[in-house]
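Chemist: Please find one structure pasted underneath; my questions will follow.
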């Protein structure tokens with residue numbers, strides 16, 4: 004009887020591990036699928052050379068598929084909300100395999116939000132990740148299907164330097180789906196310069212009169228991809 008109970012507990016623990024919201028990611032693998040835990044899937048993927056060794060590195064966003072994280076919604080928006088966690092992995096290509104260079108489990112928004120039920124998937128319109136000119140760009144778009152005309156586009160730029168994926172750029176643009184009015188803020192953490200552009204209009208050439216103001220700012224060390232959180236990005240508004 005004890006043996007049967009032990010086997011049942013083992014089977015349950017295996018299933019829980021397979022559906023874990025916080026799985027352990029291996030440090031190396033022969034292909035990118037080796038880094039995808041059981042019960043998870045790749046939803047976005049970008050390829051390019053990030054460490055200047057002329058080999059194609061990969062950045063992937065994976066998502067859990069656990070049914071328990073698809074919840075009923077009694078409010079506005081969709082009838083069901085998919086709040087399965089997502090994770091960003093940066094994989095460097097080496098001779099014969101891949102190595103895990105960076106990962107983030109706290110900064111990738113879920114498809115739906117249990118508190119803001121009208122919020123659209125922040126990754127759907129942007130494609131989420133891209134690798135251009137040797138840097139990794141993580142892109143979000145925030146807008147509500149009910150209650151607001153505002154849209155926010157946010158880009159984070161990371162470069163591999165000092166043996167880390169460091170945040171070197173941040174840009175946010177806000178516009179109204181009603182009036183077309185647009186404002187853009189861009190921060191370069193490498194040069195310690197910030198630009199603010201106001202007076203733009205996406206819908207009217209007549210009223211589209213953007214004006215940009217530059218300023219320098221003081222900043223400490225560069226943050227890495229692994230440590231990025233929404234709370235951390237709130238400090239950018241203080242610059």
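In my numbering, the protein residues as written are 4 to 242. Where is the CB? At the ideal position from N, CA and C, for every residue including glycine.
Output needed for residue 47: all residues of its chain with C-beta closer than 8 angstroms, excluding positions within five of it in sequence on either side, in chain order.
Modeler: 63, 64, 126, 130, 131, 132.
Chemist: Apart from the five residues just before and just after residue 233, which ones in its own chain have a Cβ nearer than 6 angstroms to its Cβ?
Modeler: Excluding residues within five positions, none has a Cβ falling inside 6 angstroms.
Chemist: If distances are taken between C-alpha atoms only, which option among 146, 141, 149, 73 comes closest to residue 161?
Modeler: Here the closest residue by C-alpha is 141.
Chemist: Do residue 24 and the ligand HEM come close, with the Cβ less than 7 angstroms from some heavy atom?
Modeler: Among the components modelled here there is no ligand, and therefore nothing to report on the ligand HEM.
Chemist: Starting from residue 84, trace the beta strand (DSSP E) in both directions and tell me its first and last residue.
Modeler: Start and end: 83 to 85.
Chemist: Considering only the alpha carbon of each residue, which of 23, 214, 236 lies closest to residue 200?
Modeler: For residue 200, the nearest C-alpha among the options comes from 214.
Chemist: Quick one: what does DSSP say residue 239 is sitting in, helix, strand or coil?
Modeler: Correct three-state label for residue 239: helix.
Chemist: Using only alpha-carbon positions, find the residue among 38, 164, 167, 146 that is nearest to residue 176.
Modeler: Among 38, 164, 167, 146, the Cα nearest to that of residue 176 is on 146.
Chemist: Less than 8 angstroms separating the beta-carbons of residue 53 and residue 163?
Modeler: The answer is yes: Cβ separation under 8 angstroms.
Chemist: Quick one: Cα of residue 211 to Cα of residue 180, how far?
Modeler: Roughly 15 angstroms between the two C-alpha positions.
Chemist: Counting only the same chain and skipping the five closest in sequence on each side, list residues whose C-beta sits under 6 angstroms from that of residue 49.
Modeler: Once the five neighbours on either side are set aside, the close Cβ partners of residue 49 are 62, 132, 133, 134.
Chemist: Measuring only the C-alpha atoms, how far is residue 91 from residue 33?
Modeler: Their backbone Cα atoms lie some 18 angstroms apart in a straight line.
Chemist: My understanding is that residue 109 touches residue 87, with C-beta atoms under 8 angstroms, so please give their C-beta distance in whole angstroms.
Modeler: Contact flag wrong, Cβ pair sits at about 15 angstroms.
Chemist: Along the beta strand (DSSP E) that carries residue 64, what are the first and last residues, could you check?
Modeler: Where residue 64 is concerned, the enclosing beta strand (DSSP E) stretches over 60 to 67.
Chemist: Less than 8 angstroms between C-beta atoms, sequence neighbours within five positions excluded: which residues of the same chain meet that for residue 82?
Modeler: Around residue 82: 75, 76.
Chemist: Check whether the Cβ atoms of residue 238 and residue 218 lie closer than 8 angstroms to each other.
Modeler: Not in contact: residue 238 and residue 218 (Cβ atoms no closer than 8 angstroms).
Chemist: Around the C-beta of residue 244, are 16 or more other C-beta atoms found within 10 angstroms, so that it is buried, or is it exposed?
Modeler: Coverage of the chain is limited to positions 4 through 242, which leaves residue 244 absent and any answer about it impossible.
Chemist: Look up residue 155 in the DSSP assignment and give the residues it is bridged to.
Modeler: Residue 155 is bridged to 145, 177.
Chemist: Hey, could you find the ends of the beta strand (DSSP E) residue 43 is sitting in?
Modeler: Note, residue 43: beta strand (DSSP E), 43 to 51.
Chemist: Below 8 angstroms between beta carbons: does that hold for residue 67 and residue 24?
Modeler: Taking 8 angstroms as the Cβ cut-off, residue 67 and residue 24 qualify as a contacting pair.
Chemist: In three-state DSSP terms, what is residue 225?
Modeler: Of the three classes helix, strand and coil, the one that applies to residue 225 here is coil, per DSSP.
Chemist: Please state if the CB of residue 154 and the CB of residue 178 are separated by a distance shorter than 8 angstroms.
Modeler: Yes; because the gap between Cβ atoms is below 8 angstroms, this pair is in contact.
Chemist: In the DSSP output, which residue or residues are listed as bridge partners for residue 216?
Modeler: Note: residue 216 sits in a beta bridge opposite 199.
Chemist: Could you tell me whether the Cβ of residue 42 comes closer than 8 angstroms to any Cβ of chain D?
Modeler: Note that chain D does not occur in the displayed structure, where there is just one protein chain.
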